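Student:
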Amino acid sequence: MPSHYTTNMRFKFPILAICLEIIIIILFGVFVGYETNDGGSGHGHSGNNSVPDKFITPYPMFQDVHVMIFVGFGFLMTFLKRYGFTSVGINMLIAALGLQWGILMQGWWHSHSHSIKMTVLSMINADFSTATVLISFGAVLGKISPVQMLIMTIIEITIFATNEHLVVEILKASDVGASMTIHAFGAYFGLAVARVLYRSGLRNGHDNEGSVYHSDLFAMIGTIFLWMFWPSFNSAIADAGINQHRAIINTYLSLAACVLVAFAVSSLVQEKGKLDMVHIQNATLAGGVAVGTCADMNISPYGAMLIGFVAGSISTVGFKFLTPVLASKMKIQDTCGVHNLHGLPGLLGGIAGIIATSMGAKKDYSPTMQAAALASSVGVALVGGTLTGFLLKLPFWGQPPDQNCYDDSIYWEVPEEEEAHGGSAHGDQNTLKSDA
Amino acid sequence: MPSHYTTNMRFKFPILAICLEIIIIILFGVFVGYETNDGGSGHGHSGNNSVPDKFITPYPMFQDVHVMIFVGFGFLMTFLKRYGFTSVGINMLIAALGLQWGILMQGWWHSHSHSIKMTVLSMINADFSTATVLISFGAVLGKISPVQMLIMTIIEITIFATNEHLVVEILKASDVGASMTIHAFGAYFGLAVARVLYRSGLRNGHDNEGSVYHSDLFAMIGTIFLWMFWPSFNSAIADAGINQHRAIINTYLSLAACVLVAFAVSSLVQEKGKLDMVHIQNATLAGGVAVGTCADMNISPYGAMLIGFVAGSISTVGFKFLTPVLASKMKIQDTCGVHNLHGLPGLLGGIAGIIATSMGAKKDYSPTMQAAALASSVGVALVGGTLTGFLLKLPFWGQPPDQNCYDDSIYWEVPEEEEAHGGSAHGDQNTLKSDA
Amino acid sequence: MPSHYTTNMRFKFPILAICLEIIIIILFGVFVGYETNDGGSGHGHSGNNSVPDKFITPYPMFQDVHVMIFVGFGFLMTFLKRYGFTSVGINMLIAALGLQWGILMQGWWHSHSHSIKMTVLSMINADFSTATVLISFGAVLGKISPVQMLIMTIIEITIFATNEHLVVEILKASDVGASMTIHAFGAYFGLAVARVLYRSGLRNGHDNEGSVYHSDLFAMIGTIFLWMFWPSFNSAIADAGINQHRAIINTYLSLAACVLVAFAVSSLVQEKGKLDMVHIQNATLAGGVAVGTCADMNISPYGAMLIGFVAGSISTVGFKFLTPVLASKMKIQDTCGVHNLHGLPGLLGGIAGIIATSMGAKKDYSPTMQAAALASSVGVALVGGTLTGFLLKLPFWGQPPDQNCYDDSIYWEVPEEEEAHGGSAHGDQNTLKSDA
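Protein chains in written order, with UniProt numbering: chain H, 1 to 436; chain Y, 1 to 436; chain C, 1 to 436.
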């Protein structure tokens with residue numbers, strides 16, 4: 001049984017969540033308005049309603065990104081047999097907090113005044129900012145409390161927005177699909193946190209750290225929605241026209257090539273040649289990550305496919321051979337294998353961007369600055385994640401004891417299952433969910 | 001075993017469904033054509049194909065609403081352990097019938113002639129009209145037959161279209177996201193039906209009135225898709241330009257604030273501080289309902305977030321404390337808690353609209369008329385629902401006996417599960433679905 | 001236990017997949033570039049970025065089609081109790097390979113030079129081409145190996161593109177929603193393959209050839225997404241303006257009418273009047289298939305609904321009465337019943353197109369040529385499928401022995417389920433997924 005002293009969230013979690021929400025609402029009251037066509041105060045009625053239509057043009061792409069954040073990331077993590085409530089539920093909580101905080105953080109960096117004018121584009125960028133935390137969440141999934149996740153969300157998005165500003169505005173680097181600023185950043189931030197929070201009690205694994213048949217199918221909902229909408233992720237903030245068109249096509253092709261290679265390598269590295277669901281759920285997406293930085297560049301369709309080819313290979317090989325080594329040698333317990341899905345392919349994406357700009361695939365961008373952006377993203381993430389890890393290591397955040405890791409029931413009311421019949425209920429059981 | 005006399009649907013259900021479909025097709029044959037750019041007969045070819053492009057502009061928003069109706073409502077109700085086939089299947093049936101009937105009902109009210117000209121906008125409005133029935137469905141889920149649902153669909157949409165006409169055309173009230181005309185209306189209509197159909201035999205609950213682990217995850221598919229696409233619901237019929245842009249932003253922010261508060265209050269009201277899936281599945285959506293009426297008004301971003309904050313609180317508190325009282329004191333057995341998700345937040349939305357218009361947030365709209373619209377929506381729903389309830393109480397509609405409530409197998413062929421092994425099948429069982 | 005000699009895919013599958021991907025990348029390197037506004041080489045920067053916006057206009061419709069291919073087809077086939085990994089996983093593999101091959105095949109037929117210029121429209125058409133293989137996949141599901149599926153994908157898409165060219169360019173027939181060129185073609189191709197691969201050992205059924213409760217719910221995810229987005233499928237390549245608008249409306253109405261009839265007939269043909277999930281999962285979609293050919297024609301809304309009415313009837317009746325006869329008399333074991341969902345409704349769609357053009361519903365199209373297109377699609381499919389079947393019958397493609405059909409574990413690592421407790425895991429089991 002969990003100790004109530006350590007894990008009962010009844011006051012610390014609600015108070016923190018409500019205080020954060022009140023603070024955010026006050027900040028929005030002071031700083032945030034609607035963008036209007038005249039760049040005015042957001043409080044006037046415009047005589048000409050036609051101009052803001054451009055604000056609504058990216059709305060379908062926003063919704064695709066929105067689906068990736070809430071369905072994609074949420075369900076991808078439901079692969080664990082008894083951690084689905086947390087995966088999809090706390091994913092939603094983190095993203096809902098993160099997007100509000102992201103609007104403030106990005107708004108202050110983007111605007112020259114304190115005043116922030118919201119558009120659909122702000123919503124796309126806010127959703128992007130939450131992706132970093134959700135990636136990091138994958139590295140520590142099952143081992144930290146909702147309270148810790150709220151704290152990590154605020155800190156990581158603050159640091160992310162700062163690094164993003166550095167990369168885009170100071171270094172003038174190109175990263176349209178955010179291989180560096182989101183994927184590599186989120187992965188290495190999360191891995192640094194996981195390193196600090198290393199649990200030696202889990203070094204031999206945990207009974208709940210695996211899937212069951214249907215949890216693997218739920219996870220595939222996440223995989224497929226991420227895979228399908230990735231072209232929107234990589235093109236949503238691209239310059240309209242040729243660049244955006246290229247970002248769509250390149251991502252589509254990179255992902256397609258990646259799927260074949262991920263399936264092939266998954267079979268190749270297994271003695272009996274069988275496919276492994278972990279690889280299919282994750283490595284098929286590596287092509288979307290890796291083509292991110294140069295998605296809108298003139299890399300030719302076959303160039304995009306080559307990137308997907310390499311990404312699918314290294315991601316699958318990473319899951320098979322690198323994750324166990326990270327855990328045993330480097331004491332990094334990476335629950336979802338974010339290093340293989342976001343870390344390595346994010347690095348690959350950064351390197352591809354350096355090569356592409358050096359070959360002139362996007363005018364006015366310098367390979368040196370691309371390299372500096374990659375170094376900044378990884379370096380800031382490692383330092384930020386390490387410091388955040390030490391803060392989260394303080395003993396009073398309600399973190400679960402080792403034996404209750406990867407178990408929803410420590411933070412959730414979980415319906416009782418009938419002992420005799422298994423998951424498929426018949427009419428004769430008498431288990432009820434309270435308040436249902 | 002159910003009595004075949006009462007629940008065998010073999011002739012009453014197919015005959016009713018096919019007769020309804022034939023009648024509808026005849027009415028479409030007489031009254032319904034395509035809208036064309038010249039406002040012509042729908043049978044001529046236009047020389048200028050460019051004008052109807054405006055008809056297709058709202059198509060992506062239509063699809064978002066479509067997903068909410070069919071995936072959102074359908075899967076949200078799959079939380080019951082043995083009622084998923086009905087939830088997602090009969091949801092589809094009701095919506096497919098309702099949208100056809102809605103085109104006729106709304107078309108006749110909207111057009112000045114008998115002739116109805118269809119556009120994508122008609123499809124959005126038709127989908128909206130089905131939402132009222134699906135909300136009411138949640139109040140009576142598990143306790144009525146498919147035959148009863150077909151009847152309720154026809155009656156409720158007819159009354160809904162009349163009240164909507166009254167609110168929009170006569171009272172000239174504003175209700176862009178339909179907090180009043182859809183959410184409050186659908187909830188109180190359904191609750192009135194549930195009151196008339198009160199089953200004392202279920203006053204101590206029912207073995208099947210609860211969830212299992214995976215049914216709660218299926219329900220989250222519904223929750224997340226509803227949550228993501230709610231900005232489309234609230235903005236789909238807004239005036240293009242500034243108003244639509246505001247409706248998107250306000251709904252996005254209200255929902256985000258609502259999530260944090262729903263999680264916080266869910267933990268706060270539980271002794272051990274644990275989160276309750278029922279709250280997360282439902283109360284996180286209350287912010288979308290409550291911001292509906294004033295979504296397109298100039299209420300400022302923080303105003304939208306305040307609405308979401310209050311909605312998340314009252315909805316969660318309602319699930320915890322009000323639903324049991326409704327059942328025991330007022331004899332209203334509200335299966336899905338629609339009072340907490342649509343009723344209370346719908347009222348809140350109506351009140352927010354009164355306050356917002358009184359503060360001048362939307363020109364040319366009067367708080368008095370907003371109040372009249374709210375009263376009309378609730379009053380018409382209660383009267384209409386009560387009368388419908390008495391009609392549905394007639395004994396020959398195939399309603400299930402108490403012991404077969406909340407059980408798909410009374411109206412569906414349900415695959416046999418192996419007795420010994422539970423839901424996860426192994427290769428050695430010998431249960432087959434007929435005709436599969 | 002399966003024989004490792006026959007079914008271990010370790011080398012044959014990865015080598016085939018990687019070789020195919022390498023060949024495709026080389027062909028893309030030689031032949032494929034981006035379309036640009038000046039019709040140039042795809043390597044120049046355009047001074048005017050506004051023209052390619054037209055390339056991005058169909059992007060939301062592309063995403064709807066994309067969801068149908070990857071979520072719709074993938075999850076629809078998860079109804080089998082132990083074949084969900086293959087259904088959604090190999091579906092993804094086939095589609096990812098198919099879309100790359102489709103771009104090449106269609107590009108060569110469409111362009112007058114060897115050079116292929118990609119746009120979002122190419123992506124829509126490429127996704128379409130994969131649908132044929134996924135339909136055929138449904139006929140042989142559970143009985144063939146991933147290696148066989150890769151081979152079938154390459155061959156079927158090659159033949160499909162040739163037949164499509166014949167229908168559209170030579171016969172000048174109209175088939176906007178592809179009732180003939182995709183649905184009838186894919187169904188009869190797959191049925192011909194299934195006929196050649198007939199397994200007498202399965203003539204009395206198989207223990208795994210059925211569903212469990214939750215697998216039927218997973219399948220409904222596929223059904224609902226297919227149903228919702230079918231208007232996009234049938235209108236995606238229609239001429240912008242009136243034609244596209246009609247295609248949307250007609251498909252929406254045909255599907256709605258089809259749902260009522262499919263439910264009604266499902267109840268009618270069953271002694272106890274109960275609904276059958278197989279019918280609901282499949283026959284509700286037949287209206288989308290059958291209205292495909294004449295979706296953009298001026299058939300009036302009630303005409304579309306009549307098509308849906310007939311399609312829902314024949315599809316449900318087909319599942320109930322025809323599928324068993326096909327298996328026993330004609331030795332065609334049609335796992336998913338694609339004959340009822342795609343074959344018969346595809347034929348109906350072709351016939352509806354002949355009737356509609358003969359009544360002048362689309363100018364410049366001839367009923368004779370429509371009939372020729374239908375005959376060509378079915379004939380080419382039957383011949384192509386038969387020849388492909390004989391190729392796939394060669395004994396070294398790793399096909400499963402009869403007793404391992406419909407079982408993921410022959411090609412996948414499948415998590416062990418706890419013997420005593422069933423699918424819902426408790427904290428005390430000790431089963432782990434390797435490499436998870």
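For glycine and all other residues, C-beta sits at the position ideal for the given N, C-alpha and C.
Just so we're clear, the structure is a prediction, and the values are computed from it rather than from any experiment.
Give the DSSP bridge partners of C/L275, in chain order.
Tutor: Y/W412
Student: State whether the segment 369 to 386 of chain H contacts the segment 224 to 242 of chain H, with contact taken as three or more CB pairs (one from each stretch) at a distance under 8 Å.
Tutor: no
Student: With 16 as the cutoff for other CB atoms within 10 Å, does Y/A425 come out buried or exposed?
Tutor: Only weak support is given to the placement of Y/A425: the predicted model assigns it a pLDDT of 35, under 50, and the question is left unresolved by the model.
Student: Could you check if C/H114 is buried or exposed, using at least 16 other CB atoms within 10 Å of its CB as the buried criterion?
Tutor: exposed
Student: For Y/Y213, which residues of its own chain have a beta-carbon under 6 Å away from its beta-carbon, when the five flanking residues on both sides are left out?
Tutor: none
Student: Compute the Euclidean distance between the alpha carbons of H/N48 and Y/V378, then round it to the nearest angstrom.
Tutor: Annotation note: pLDDT 47 at H/N48 (below 50); position unreliable, coordinate value reported separately. The alpha-carbon atoms of H/N48 and Y/V378 are separated by roughly 37 Å.
Student: Does the distance from the CB of C/A311 to the CB of C/A286 come in under 8 Å?
Tutor: Cβ distance < 8 Å, so C/A311 and C/A286 count as in contact.
Student: Measuring only between beta-carbons, confirm whether H/L20 sits less than 8 Å from chain Y.
Tutor: Chain Y contact via Cβ: present.
Student: Do Y/I135 and Y/H183 come within 8 Å of each other at the CB atom, strictly closer than that value?
Tutor: Contact: yes.
Student: Using the three-state DSSP reduction, which class does Y/G89 fall into: helix, strand or coil?
Tutor: helix
Student: Could you list which residues in chain H have their beta carbon closer than 9 Å to that of C/D85, in chain order?
Tutor: The amino acid at residue 85 of chain C is misidentified as Asp; the sequence shows Phe. Taking a Cβ-Cβ threshold of 9 Å, the residues of chain H close to C/F85 are Y213, D216, L217, M220, L275, M277 and I280, in chain order.
Student: Between H/D127 and chain C, is any beta-carbon pair separated by less than 8 Å?
Tutor: no
Student: If you measure from the beta carbon of Y/A194 to each beta carbon in chain C, is any gap under 8 Å?
Tutor: no
Student: Where do the ends of the beta strand (DSSP E) carrying Y/Y213 lie?
Tutor: Careful: Y/Y213 lies outside any beta strand (DSSP E), inside the alpha helix (DSSP H) at Y213 to S235.
Student: Report the residue ranges of all alpha helix (DSSP H) runs contained in full by the segment 114 to 185 of chain Y; include only those spanning at least 4 residues, in chain order.
Tutor: Considered as a whole, the segment 114 to 185 of chain Y harbours 120 to 140 and 146 to 165 as its complete alpha helix (DSSP H) runs of no fewer than 4 residues, in chain order.
Student: Take Y/I332 and list the residues in its own chain whose beta-carbon comes closer than 6 Å to its own, dropping the five residues that flank it on each side.
Tutor: L191, A194, R195 and L326
Student: Let's see if you can read the secondary structure: which residues bound the alpha helix (DSSP H) around C/G33?
Tutor: Where C/G33 is concerned, there is no enclosing alpha helix (DSSP H), although the beta strand (DSSP E) it sits in stretches over V32 to Y34.
Student: My guess is that Y/M92 and Y/G74 are in contact by the Cβ rule of under 8 Å, so how many angstroms apart are they, rounded?
Tutor: 6 Å
Student: Would the segment 263 to 282 of chain C and the segment 397 to 415 of chain Y be scored as touching if the rule is three or more Cβ pairs under 8 Å?
Tutor: yes
Student: I want to see whether chain C comes within less than 8 Å of Y/G39, judged by CB atoms only; does it?
Tutor: With a pLDDT of only 44 at Y/G39, under the threshold of 50, the placement of this residue in the model should not be trusted; the figure read from the coordinates follows. Judged by the 8 Å Cβ criterion, Y/G39 is not in contact with chain C.
Student: Spatial neighbours of H/Y83 within its chain, please: CB distance less than 8 Å, with the 5 preceding and 5 following residues excluded, ordered by chain position.
Tutor: M77, L141, G142, N208, Y406, D407 and D408
Student: So the candidates are Y/I237, Y/F185 and Y/A283; which of them puts its Cα closest to the Cα of H/G89?
Tutor: Y/A283
Student: Return helix, strand or coil for Y/N208, following the three-state DSSP convention.
Tutor: Y/N208 carries a coil assignment under DSSP once its states are collapsed to helix, strand and coil.
Student: For a contact meaning CB atoms closer than 8 Å, what does C/F55 contact in chain H?
Tutor: H245
Student: Residues of chain Y with CB under 7 Å from residue 459 of chain H, in chain order?
Tutor: Because chain H in this structure spans residues 1 to 436, residue 459 of chain H falls outside the shown range and cannot be described.
Student: Tell me whether C/I332 sits in a helix, a strand or coil according to DSSP, three-state version.
Tutor: coil
Student: Can you give the Cα-Cα distance for H/Q429 and H/V67, rounded to whole angstroms?
Tutor: Model confidence at H/Q429 stands at a pLDDT of 34, short of 50, so the residue's coordinates are unreliable; what they give is reported in the following sentence. Answer to the nearest angstrom: the Cα atoms are 37 Å apart.
Student: Could you give the residue range of the alpha helix (DSSP H) that holds C/S266?
Tutor: C/S266 -> alpha helix (DSSP H) spans I242 to L268.
Student: With 16 other CB atoms within 10 Å as the buried threshold, where does Y/F11 fall?
Tutor: exposed
Student: What is the rounded straight-line gap between the Cα of C/T388 and the Cα of C/F137?
Tutor: C/T388 and C/F137: Cα-Cα distance of roughly 13 Å.
Student: What are the boundary residues of the alpha helix (DSSP H) that includes Y/S376?
Tutor: P367 to L392
Student: Check this for me: beta carbons of H/G177 and H/T251, under 8 Å apart or not?
Tutor: yes
Student: For H/N8, return the contacting residues in chain Y, with the cut-off set at a CB-CB distance below 7 Å.
Tutor: Within chain Y, the residues near H/N8 are K272 and G273.
Student: From Y/I224 to H/F70, what does the alpha carbon distance come to, in whole angstroms?
Tutor: 7 Å
Student: Could you check how far apart the C-beta atoms of Y/T316 and Y/G353 are, in whole angstroms? I think they sit under 8 Å.
Tutor: Not really, about 23 Å apart at Cβ, beyond 8 Å.
Student: Please identify the residue among Y/G337, Y/F319, Y/V269 and Y/G98 whose C-alpha is closest to the C-alpha of Y/F128.
Tutor: Y/G98
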